[in-house]
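Worksheet: one structure, shown below.
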Amino acid sequence: MGEAIAFYSLAALILVFAVLVVSARSAVHSVLFLVANFLCVAVLYVLLHAEFLAVIQVLVYAGGILVLYLFVVMLVNLKRAPEEASDPRRRDRFGLLLSGAILAELAAIVLYSFAAPWSHTAGAAAVPGPGNVETVGRALYVDYVIPFEVASILLLVAMVGAIVLAKRDL
Amino acid sequence: MPQNPQSLFDTDELVINMGPQHPSTHGVLRVVLRLDGERVVDADVVIGYLHRGVEKLCEHRDWTQIVLITDRMDYVAAATNNLGYCETVEKLMSFEVPRRAVYIRTLLSELQRIASHLVWLGSHAMDIGAVTVFLYCLRERELALDLFEEYSGARLTYNCMRVGGMPFDLPAGFDRKVREFCDIVEEKLLEYETLLTQNRIWLERTRGVGVISAADAVAIGLSGPSLRASGVLRDVRKDEPYAAYADLEFDVPIGGAGDTYDRYLVRLEEFRQSTRIIRQVLDGMPEGPVMGKVPRLIKPPAGETYHAIESPKGELGYFIVSDGKALSPYRFRVRPPSFCNLQALRQLVRGHLVADVVALIGTIDIVLGEVDR
Amino acid sequence: MIDSVLIPLFKIVILLVGVLTAVAYMVLLERKVQAWVQVRLGPMRVGPHGVLQPIADVVKLIIKEDITPARADRWVYTLAPILVLVPALIVFAVIPIGESITMFGREVPLYLTDINVGLLYIVSVSSVGVYGIILGGWASNSKYPLLGALRASAQLVSYEVAVTMTLVSLILMAGTLSMVGIVEAQREAGLWYIFVQPVAFVIFLIGGLAETNRAPFDMPEAESELVAGFHTEYSGIRFALFFLAEYANMIVVSAVATTLFLGGWLRPFPNVAVLAPLGLVPGWAWFLLKTFLFLYFFLQVRATLPRYRYDQLMRLGWKVLIPLAIANLFVTGAARVLL
Chain Z
67 MGEAIAFYSL AALILVFAVL VVSARSAVHS VLFLVANFLC VAVLYVLLHA
117 EFLAVIQVLV YAGGILVLYL FVVMLVNLKR APEEASDPRR RDRFGLLLSG
167 AILAELAAIV LYSFAAPWSH TAGAAAVPGP GNVETVGRAL YVDYVIPFEV
217 ASILLLVAMV GAIVLAKRDL
Chain C
375 MPQNPQSLFD TDELVINMGP QHPSTHGVLR VVLRLDGERV VDADVVIGYL
425 HRGVEKLCEH RDWTQIVLIT DRMDYVAAAT NNLGYCETVE KLMSFEVPRR
475 AVYIRTLLSE LQRIASHLVW LGSHAMDIGA VTVFLYCLRE RELALDLFEE
525 YSGARLTYNC MRVGGMPFDL PAGFDRKVRE FCDIVEEKLL EYETLLTQNR
575 IWLERTRGVG VISAADAVAI GLSGPSLRAS GVLRDVRKDE PYAAYADLEF
625 DVPIGGAGDT YDRYLVRLEE FRQSTRIIRQ VLDGMPEGPV MGKVPRLIKP
675 PAGETYHAIE SPKGELGYFI VSDGKALSPY RFRVRPPSFC NLQALRQLVR
725 GHLVADVVAL IGTIDIVLGE VDR
Chain G
302 MIDSVLIPLF KIVILLVGVL TAVAYMVLLE RKVQAWVQVR LGPMRVGPHG
352 VLQPIADVVK LIIKEDITPA RADRWVYTLA PILVLVPALI VFAVIPIGES
402 ITMFGREVPL YLTDINVGLL YIVSVSSVGV YGIILGGWAS NSKYPLLGAL
452 RASAQLVSYE VAVTMTLVSL ILMAGTLSMV GIVEAQREAG LWYIFVQPVA
502 FVIFLIGGLA ETNRAPFDMP EAESELVAGF HTEYSGIRFA LFFLAEYANM
552 IVVSAVATTL FLGGWLRPFP NVAVLAPLGL VPGWAWFLLK TFLFLYFFLQ
602 VRATLPRYRY DQLMRLGWKV LIPLAIANLF VTGAARVLL
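Protein chains in written order, with our numbering: chain Z, 67 to 236; chain C, 375 to 747; chain G, 302 to 640.
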């Protein structure tokens, strides 16, 4: 019962923050709402007994990536909106298309999960007791080590590329 | 999208005002910095916040009153200001000062050099973050001020010299106290050096920072330790001996690289040379009167003269024109070392970081009272 | 009811009061230690030898006018000090001060909670603290705070990497992320980890100085350069919050270092039987003593060293500490596998 209340109030908060992210007038405020959003998601993870994931969520997203977002938003002068010249209606149409696609995707997921209910046994076996650090570690470094390494190489390449682009004289 | 790919990541320049109210611009200096990130693209030095019109003021005082106005120029080195002025007027009058007075003047000006360098070292170190050194330096400076207080009764603006000689003879036991002071300074210098000279952080903050070549230093018109650190051997005490310096033996330390670290080393060595000079002066102190026979109303003959001395900060010159009739100078002009040295700041800070700016303001050793006059 | 609500509540209150008092007296101690180093007396007027000075300071800060610059972003400006302080305080939840003690016939562990990701929790919560600094500098709408905020955040983000790397090698040693578990592992090993991981210890110490913005890495608030850094525009109680957070963070770093490297509440050389009489001193006293030693080290360093320059600090972080930490990690990992 208590868990349900916590879940629904958290879900409501997450949605409210998500709406505020897109509706806030100042970009810095948007980033702040996004941070709040991520923190709520972290609490959601705690409710699911995935403490490790929660902590990583805070560390990587809230503490790392969004700090960089904040940097960019603070330092770039946003008054010079880049799309001033382009047709605003084209932008709207594009947004409509994109949100339609996401909506369709969500609907598909919901329909699919109704059609074939998710079996609890498969998930429950993956979380043996408190040691979810071990579980995540095993998943990343044993079961899915190749995708993990591929992803990290991709990130490394992206990082090097960004440095090459940004550095004026290498 | 910007057309030029280079400008894609360009950021705006940030203009910040450092001073006149800033903890480390040594008074009321204002530096307008144009920054690219933390790098200084350009700097504009704005002065005049402490302008009191000293030169004009002196043209309306009689010759004896001017001594006390000179106190207020470089207020951490009042004795050398007095010395420069008195010697200039004496030169104008072709007046021979008693030997004992000359020696006392030399003694006081070297004590002053130590006191002034202590202020410099302390504030320079504090700008770079070594707060402890600042308090240690002021502790020793206090001893020097005690000596000045004993001689002249004042601790900052001494008004301790007169045209024609010295107002008082040395108080009893002064000789011993000065020798003790020299011992203490030499001992404490080692303490400062332990904290700074070999300190990695200090080395990184000062070495290669604010390099100024010998040619540039001369072109800008630097003088004093800042000039000598660039490797130019120029010391008024050696080149145009005044006071008793012709009789004394001392070395003029010079640097090579012309960076902040060299300027630091040169000034540290000057501490040692100063104590060496002071000991010689005490040993060779002649007996006799301390005040020459000057007329009650000083009125130098018509003429003009320029006379320079080596103040702790550099070449302090007085250019005085007398018309031989009025009771005050016809024209009074000071060549203040701080003002001339400050001109190097713009060149020094360009391309360095904000953090270096404070180190560089410290390294050229300016006193705003003298810059603005 | 008593076990699940009252005792934790009681502990939270004690912890908060304790930390806040400790912070207030840290400020006094800092002034005193600096004064002693610099042949001064320090605060002497309020109470004998100035022992009541912290109270006077707090009262002053509370009743002072609280100014918000006219063109500041009001909300963010108010939020920033809170964002700095809250992470600094909630970190204490997982720091084990001692073993359990028996009180009124009830066994009470001397820590708020022992979660199995304790160390990561500390790292992640303290990484959130950087928001307060950036936002404080940005919301002031002033140039010096902005520069200070940029420096601070760049510094925090870079040193976090090195510090976290050293923590990973410690986790390898202990095989657990729980703070209590790490102390227990040291007891089993019979050795404080400072002797096993001296490199990690040094990196952690330097990184800790940098992360708490202490001298010689106090660039973000270098008063001789940036006036007061990111909190230049702050005054009154909001300034006090920043101040509190800074000292609370110092205590956090010291307490974490004590737990990880100096065996937390363990007595020195827990495996040497000759030193058993040292065990008479309760564990929490050892913990507090060790933490105090770290704090004293912080103060002494501040009174001794000049300040690094911003770019040199970054160079030290990225080119020396991080490679060193990674190398240390490799060596530790190899040793764990081979031995």
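For glycine and all other residues, C-beta sits at the position ideal for the given N, C-alpha and C. Keep in mind it's a predicted model, so treat the numbers as computed, not measured.
Which bits of chain Z does residue i rub up against, with CB to CB less than 7 angstroms?
i	result
L390 (chain G)	What L390 (chain G) touches in chain Z: nothing, since even the nearest Cβ is about 16 angstroms away.
I416 (chain G)	E117
Check residue i in the structure and name its three-state DSSP category.
i	result
V340 (chain G)	coil
G401 (chain C)	coil
P388 (chain G)	helix
S536 (chain G)	coil
P410 (chain G)	strand
N391 (chain C)	strand
F214 (chain Z)	helix
S685 (chain C)	strand
I313 (chain G)	helix
I363 (chain G)	helix
F693 (chain C)	strand
I740 (chain C)	coil
L407 (chain C)	strand
S401 (chain G)	strand
Y515 (chain G)	Position check: residue 515 (chain G) holds Arg in this sequence, whereas Tyr was assumed. Of the three classes helix, strand and coil, the one that applies to R515 (chain G) here is coil, per DSSP.
F624 (chain C)	coil
E117 (chain Z)	helix
V664 (chain C)	coil
T605 (chain G)	helix
Measuring only the C-alpha atoms, how far is residue i from residue j?
i	j	result
V583 (chain C)	C106 (chain Z)	49 angstroms
G130 (chain Z)	I122 (chain Z)	10 angstroms
S305 (chain G)	L413 (chain G)	11 angstroms
R724 (chain C)	G736 (chain C)	16 angstroms
S75 (chain Z)	E69 (chain Z)	10 angstroms
D519 (chain G)	L457 (chain G)	11 angstroms
Q654 (chain C)	L622 (chain C)	7 angstroms
G319 (chain G)	V426 (chain G)	20 angstroms
L601 (chain C)	F713 (chain C)	14 angstroms
Y611 (chain G)	R515 (chain G)	13 angstroms
G138 (chain Z)	A450 (chain G)	The sequence given here places Val at residue 138 (chain Z); Gly does not occur at that position. In a straight line, the C-alpha of V138 (chain Z) is about 14 angstroms away from that of A450 (chain G).
T649 (chain C)	F508 (chain C)	21 angstroms
F645 (chain C)	S604 (chain C)	18 angstroms
L113 (chain Z)	Y207 (chain Z)	25 angstroms
Buried or exposed for residue i, going by 16 or more other Cβ atoms inside 10 Å?
i	result
Y477 (chain C)	buried
G630 (chain C)	exposed
R550 (chain C)	exposed
R487 (chain C)	buried
Y525 (chain C)	buried
W439 (chain G)	buried
W530 (chain C)	The question names Trp, but residue 530 (chain C) is Leu in the sequence shown. Per the 10 Å Cβ criterion, exposed.
P355 (chain G)	buried
V471 (chain C)	buried
Q380 (chain C)	Summary for Q380 (chain C): the model assigns pLDDT 44, below 50, so the residue's position carries little reliability; its value from the coordinates is reported in the next sentence. It counts as exposed.
A78 (chain Z)	exposed
Who are the neighbours of residue i on chain G, taking C-beta pairs under 7 angstroms?
i	result
R513 (chain C)	V340
V121 (chain Z)	V418, L421, Y422 and S425
V101 (chain Z)	Y432
A518 (chain C)	Near A518 (chain C) there are no residues of chain G at all, since even the closest Cβ is about 16 angstroms away, more than 7 angstroms.
My understanding is that residue i touches residue j, with C-beta atoms under 8 angstroms, so please give their C-beta distance in whole angstroms.
i	j	result
L125 (chain Z)	S428 (chain G)	6 angstroms
T477 (chain G)	V424 (chain G)	Wrong, their Cβ atoms sit about 15 angstroms apart, outside the cutoff.
A453 (chain C)	Y532 (chain C)	6 angstroms
L512 (chain C)	S483 (chain C)	Not quite, the Cβ-Cβ distance comes to about 21 angstroms (not below 8 angstroms), so this is no contact.
I672 (chain C)	W437 (chain C)	4 angstroms
G509 (chain G)	V462 (chain G)	About 14 angstroms separates the two Cβ atoms, so there is no contact after all.
Give the residues of chain G in contact with residue i, contact being defined as C-beta atoms less than 8 angstroms apart.
i	result
D730 (chain C)	R610
How would you list, in chain order, the residues of chain C whose beta-carbon sits under 7 angstroms from the beta-carbon of residue i?
i	result
K444 (chain G)	L388 and I390
Starting from the beta carbon of residue i, find every residue of chain C whose beta carbon is closer than 8 angstroms, and list them in chain order.
i	result
A604 (chain G)	V505 and T506
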